[in-house]
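Q: If you use my numbering, the sequence shown corresponds to residues 2 to 421, in order.
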Amino acid sequence: MSKPRILVSGASVAGPALAYWLVRAGCQVTVVERAPTLRTSGQGLDVRDTARDVIKKMGIFDLIRDKSSHEEGVRFVDSNNKVLANFGVDLESGNGDTFTSDVEILRGELAGILYDVTKDDVSYIFGDMVQSLEETDTEVRVEFANGTPVTPFDLVVAADGIGSKIRTMAFGQDAVNVRSLNSYVSYFSVPLADTDSMWSRAHSVPGGRALVVRPDNVGRTRAFLSVTAYDGSDARLPRFAKATKEGIPAQKALVQELFQDAGWEISRLLKGMHESDDFYLQHVAQVRLNRWSNGRVALVGDAAYSPSPFTGMGTSLAFIGAYVLAGEISRHPGNIPAALESYEKVLRPYFETVQTLPPGIPWILNPQSALGVKALQTTVWCIGLLSKSGILGYLGKIAAYIPFGRDYPFKLPEYEAFNQ
Numbered sequence: 002m003s004k005p006r007i008l009v010s011g012a013s014v015a016g017p018a019l020a021y022w023l024v025r026a027g028c029q030v031t032v033v034e035r036a037p038t039l040r041t042s043g044q045g046l047d048v049r050d051t052a053r054d055v056i057k058k059m060g061i062f063d064l065i066r067d068k069s070s071h072e073e074g075v076r077f078v079d080s081n082n083k084v085l086a087n088f089g090v091d092l093e094s095g096n097g098d099t100f101t102s103d104v105e106i107l108r109g110e111l112a113g114i115l116y117d118v119t120k121d122d123v124s125y126i127f128g129d130m131v132q133s134l135e136e137t138d139t140e141v142r143v144e145f146a147n148g149t150p151v152t153p154f155d156l157v158v159a160a161d162g163i164g165s166k167i168r169t170m171a172f173g174q175d176a177v178n179v180r181s182l183n184s185y186v187s188y189f190s191v192p193l194a195d196t197d198s199m200w201s202r203a204h205s206v207p208g209g210r211a212l213v214v215r216p217d218n219v220g221r222t223r224a225f226l227s228v229t230a231y232d233g234s235d236a237r238l239p240r241f242a243k244a245t246k247e248g249i250p251a252q253k254a255l256v257q258e259l260f261q262d263a264g265w266e267i268s269r270l271l272k273g274m275h276e277s278d279d280f281y282l283q284h285v286a287q288v289r290l291n292r293w294s295n296g297r298v299a300l301v302g303d304a305a306y307s308p309s310p311f312t313g314m315g316t317s318l319a320f321i322g323a324y325v326l327a328g329e330i331s332r333h334p335g336n337i338p339a340a341l342e343s344y345e346k347v348l349r350p351y352f353e354t355v356q357t358l359p360p361g362i363p364w365i366l367n368p369q370s371a372l373g374v375k376a377l378q379t380t381v382w383c384i385g386l387l388s389k390s391g392i393l394g395y396l397g398k399i400a401a402y403i404p405f406g407r408d409y410p411f412k413l414p415e416y417e418a419f420n421q
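Given below as structure tokens:
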């Protein structure tokens, strides 16, 4: 039997992770990336739950942890940098389920690791993208935008993020449910300051605005400025949507306008934002689809089931989804439709629970009024006090036995092809 020919679109995290496992499933894999080179910038990502088992199986767990930010935890602070509560890294549980995971790595560094472990077995095409798909009963003929010859594949997998173009080609715009959480967040790096340490700091101001600074492993500070509206009627949301289409200068100008009165360390952060060359603005949303494949086109990662940054699980779902999709292909040799059906059957119940946000999230964590900010700070202080006393940890152990909420950790299936 000839090797299945599979095209993966996207060379960030989900794409190369999938390529790694597809090679071990006996596939011939090509990854196409529209950027001219591997993207080396991006915000910090963490790996939690069963995804940690996936990267251990890939043999890259220690490498990722060595390149992690080594953040010691997160401190919630007031406008004078007075610490309201500390939440340190949990190094005992081994699942990364705290505000800060011990596996916290910059997106670019993670992409580089995944590229290095796949480049010898996978054909990478940079500076091109899928322009059209023509599907038959046995294959998909792919036309590329920038000169790569038309090529037939047995399967095309979109790993091109929440705004996936391939998803729209295969499913149509009307079939895609991107649920806005009425939030935008800007990411960028700034020079270190005397107030920075290996602790992340988070500060809230009225208007649903949050300011966060985090350490990295390359000698800078990562800044996050986010705006979360109470509902879709907020006049700031269409302004953000417009700016995302106008480019980075317009986006920076809007962030400047909306945050210039925020106090705390905002002058330093806005100055650093304008000087940064790694600025990125993201619309915070979830992707919810009735199915993750259509014919011989499948989706993985944020293109299929983005849970939003509020869950802290986007990267983890990408690793788990990549492992299971490739594993089901190995389990159904020569039968792509059966593999895709099984991929969804195995994962959908777990992934849907991860996507389910607790009531009031994200709005309750991003108050619109000064009174709401004060209430949030008081709540955080109380939780921090309980955490310091050990009561919170004790309650957490009890809660682990209550069948409510997320059913995790997800148990990874074992695939014979991956154990050879």
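Just so it is clear, CB atoms sit at the ideal spot from N, CA and C, and this is done for glycine as well. Since the structure is predicted, the reported quantities are computational estimates derived from the model, not experimental observations.
1) Is Pro-207 helix, strand or coil by DSSP?
2) Secondary structure at Gln-174, three-state DSSP: helix, strand or coil?
3) Just mark Thr-41 as buried or exposed, buried being the case when its beta carbon has 16 or more other beta carbons within 10 Å.
4) Looking at C-alpha atoms only, which residue of Ile-61, Lys-4, Asp-129 is the closest neighbour of Ile-106?
5) Tell me whether Ile-386 sits in a helix, a strand or coil according to DSSP, three-state version.
6) What number of angstroms, rounded off, separates the C-alpha of Leu-19 from the C-alpha of Thr-119?
7) How would you call Met-274, buried or exposed, if buried means at least 16 neighbouring beta carbons within 10 angstroms?
8) In its own chain, which residues sit with a C-beta less than 6 Å from the C-beta of Phe-320, not counting the 5 before and 5 after it?
9) Quick one: what's Ser-294 bridged to in DSSP?
10) Note the first and the last residue of the continuous beta strand (DSSP E) segment covering Thr-160.
11) DSSP has Gln-283 in a bridge; who is on the other side?
12) Would you say Gln-287 and Gln-369 are within 8 Å of each other, going by their C-beta atoms?
13) Checking the sheet assignment: what are the DSSP bridge partners for Arg-142?
14) Identify, in the order they occur along the chain, each residue of the same chain with its Cβ nearer than 6 Å to the Cβ of Arg-34, setting aside the five sequence neighbours on each side.
15) Give the range of the beta strand (DSSP E) segment to which Phe-77 is assigned.
16) Can you tell me which of the three DSSP states Tyr-231 falls into?
17) By how many angstroms is the C-alpha of Thr-245 removed from the C-alpha of Met-314?
18) Looking at the structure shown, is Asp-54 part of a helix, part of a strand, or coil, going by DSSP?
A: On the basis of the coordinates in this document:
1) If you number the sequence shown from 1, residue 207 lands on position 206. Three-state result, Pro-207: coil.
2) If you number the sequence shown from 1, residue 174 lands on position 173. Gln-174 falls in the helix class under three-state DSSP.
3) Within the sequence shown, residue 41 is the residue found at index 40, counting from 1. So Thr-41 ends up on the exposed side.
4) Here residue 106 corresponds to residue number 105 of the sequence shown, with the count starting at 1. Ranked by Cα distance from Ile-106, the options Ile-61, Lys-4, Asp-129 are led by Ile-61.
5) Along the sequence shown, one-based indexing puts residue 386 at 385. Note on identity: in this sequence residue 386 is Leu, with Ile being the wrong assignment. The answer is helix: DSSP assigns Leu-386 an H, G or I state.
6) Locating residue 19 in the sequence shown gives position 18, counting from the first residue. Locating residue 119 in the sequence shown gives position 118, counting from the first residue. One C-alpha to the other measures close to 10 Å.
7) Position 273 of the sequence shown, counted from the first residue, corresponds to residue 274. Met-274 comes out buried.
8) Position 319 of the sequence shown, counted from the first residue, corresponds to residue 320. Excluding positions up to five away in sequence, the list reads Ala-18, Ala-52, Val-55.
9) For this step, residue 294 is matched to residue 293 along the sequence shown. DSSP lists Ala-299 as partners of Ser-294.
10) For the purposes of this step, residue 160 is taken as residue 159 along the sequence shown, with counting starting at 1. In the sequence under discussion, the amino acid at residue 160 is Ala, which differs from the Thr named in the question. First-last for Ala-160: undefined, no H or E at that position.
11) Counted from its first residue, the sequence shown places residue 283 at position 282. Paired residues: Val-186.
12) Sequence index remark: in the sequence shown, residue 287 carries index 286 (1-based). Sequence index remark: in the sequence shown, residue 369 carries index 368 (1-based). Not a contact, by the Cβ cut-off of 8 Å.
13) Residue 142 sits at position 141 when you count from the first residue of the sequence shown. Answer is Glu-135, Pro-153, bridged to Arg-142.
14) As a first step, residue 34 must be located in the sequence shown, where it is residue number 33. According to the sequence displayed, residue 34 carries Glu and not Arg. Hits under 6 Å: Ala-12, Phe-127.
15) Locating residue 77 in the sequence shown gives position 76, where the first residue counts as 1. Looking at the DSSP string, the run of the beta strand (DSSP E) that includes Phe-77 is 74 to 78.
16) Against the sequence shown, residue 231 aligns to sequence position 230. Looking at Tyr-231 - three-state DSSP - the assignment turns out to be coil, as it is neither helix nor strand.
17) In the sequence shown, counting from the first residue as 1, residue 314 sits at position 313. In the sequence shown, counting from the first residue as 1, residue 245 sits at position 244. Roughly 24 Å between the two C-alpha positions.
18) To locate residue 54, count along the sequence shown from 1; it is residue 53. Looking at Asp-54 - three-state DSSP - the assignment turns out to be helix.
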